[in-house]
Amino acid sequence: MRHTLRSLAKAPGFTFVVVEVGWSDLGDSIELVVQDEGPGLASTTNLFVPFYTTKPSGSGIGLVFCRQVAEAHGGHLVLRNRPDRKGCEALLTIPKRLAAGV
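Per this note's numbering, residue 2 is the first one in the sequence shown, and the count goes up by one each step.
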């Protein structure tokens, strides 16, 4: 969240962005959803490419690492532009057994 908010604050024309967090019960898994109403992602092509960064001090491993951790636990991470309006959304799906600490 902190990284996302920092990136939003540096976006051209940034003034104020609403960030919403929610979750859904998908039966065997839980989906955590983080949405904003910012400018959205300029390009989604290289989001999960290791060592690819658009920031001068970035390493390009943050999102790659997050996705790998999610997948190592049987989950999945998606980052995309919102289909219903302007902004970005992150969807993290994890098995309920992991969410329950089993």
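From the three backbone atoms N, C-alpha and C, an ideal C-beta is built for every residue, glycine too.
Buried or exposed (CB count within 10 angstroms, at least 16 for buried), residue i
i     : result
Leu1  : Look at the range of the chain in this structure, 2 to 103, and you will see that residue 1 is not part of it.
Gly63 : exposed
Asp29 : exposed
Nonlocal neighbours in the same chain, by C-beta distance under 7 Å from residue i, ignoring five residues either side
i     : result
Val65 : Phe49 and Pro51
Gln69 : none
Euclidean distance between Cα positions of residue i and residue j
i      : j     : result
Val79  : Val22 : 15 Å
Pro84  : Ser58 : 30 Å
Thr46  : Gly88 : 16 Å
Tyr116 : Lys97 : This structure does not reach residue 116, given that the chain is present from 2 up to 103, and the question cannot be answered.
Leu27  : Gly75 : 14 Å
Glu32  : Pro40 : 23 Å
Of the residues the options, the one placed nearest residue i, counting alpha carbons only
i     : options                : result
Leu42 : Arg86, Asn82 and Arg98 : Asn82
Ser44 : Glu38, Thr55 and Asp37 : Thr55
Cut-off 6 Å between Cβ atoms - residues of its own chain near residue i, not counting five sequence neighbours on either side
i     : result
Val35 : Val22 and Ala91
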